[in-house]
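Position 77 of the sequence shown, counted from 1, bears residue number 77 in the working numbering, the numbering being contiguous throughout. Shown next, in structure tokens, is the structure this report addresses.
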Amino acid sequence: MRKCKIERETLETKISILLNLDGDGKYKINTSLRFLDHLLETFAKYGNFNIEITSKGDIDVDDHHLVEDIGIVLGRAFKKCTGSKKGIKRISSAIVPMDDSLAMVAVDISGRAFFKIKGSFKREKIGDVSTENIPHFLDSFAKNYGITLHCEVEGVNDHHKAEALFKALGIAISDALTLEDNKIKSTKGLLD
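Below, the structure written as structure tokens:
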């Protein structure tokens, strides 16, 4: 089983994540930010990951530190659980419609951290999360996991766009983590 627990505490946040890559989409998430909980629950459900997250942060200041740090810790948890990457499919993508919105996510679990997003949000906030922190979460996650992550989203409703992104992210990462054989998918013979 590819399971792990990661904890991180700073002067701004305290985060604990328990992750099982080979789960069945069960989650228990309490980040103190309800819309972030919703996005992460969607990610877990569509990726079939079992995720438990508890966190506290200085949300009286704003949501930035907590959103960023959860992205950091979740990325590190995925990196630890993935291990050597031996036998994983490595590359995948997903296209997810949600009513008026369409999200496209492509991922390479390569060890090379890169993030790019095409598309934007109109509103300043969705629920209790600043929309500028949604791409920031994805960037923090990708860089701490060590993956290449390309995202594109279009649509009218910002909630639908964000949710479609996290559904597509779950599907693409889950597929890329599929164990196919006992080989490293690289002409170099290793994935850092």
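Just so it is clear, CB atoms sit at the ideal spot from N, CA and C, and this is done for glycine as well.
Taking C-alpha positions only, Met1 is separated from Asn50 by approximately 12 Å. In the DSSP annotation of this structure, Ile117 is not part of any alpha helix (DSSP H); the continuous beta strand (DSSP E) holding it starts and ends at 114-118. The three-state secondary structure of Val105, taken from DSSP, is strand. A residue is called buried once 16 or more other Cβ atoms fall within 10 Å of its Cβ, and Thr10, having fewer, is exposed. From the listed residues Glu163, Phe115, Ser110, the smallest Cα separation to Phe121 is found for Glu163. In the structure shown, Arg90 falls within a coil segment according to DSSP collapsed to helix, strand and coil. Here Lys80 carries a helix assignment [DSSP, helix/strand/coil]. The C-beta of Asn144 has 16 or more other C-beta atoms within 10 Å across all chains shown, which makes the residue buried. Check the Cα spacing between Ile173 and each of Asp100, Ile88, Gly127, Arg112: the tightest is with Ile88.
A contact between stretches requires three or more CB pairs, one per stretch, nearer than 8 Å, and the stretch 23-39 fails this requirement with the stretch 147-154.
Of the candidates Ser16, Asp192, Asn182, Leu169, the residue whose Cα lies closest to the Cα of Lys45 is Leu169. Asp128 is positioned such that its CB atom lies no closer than 8 Å to that of Asp192.
Membership of Ser55 in the beta strand (DSSP E) is indicated by the continuous run 50-57.
Each residue's CA atom was taken as its position, placing Thr187 and Lys125 some 44 Å apart.
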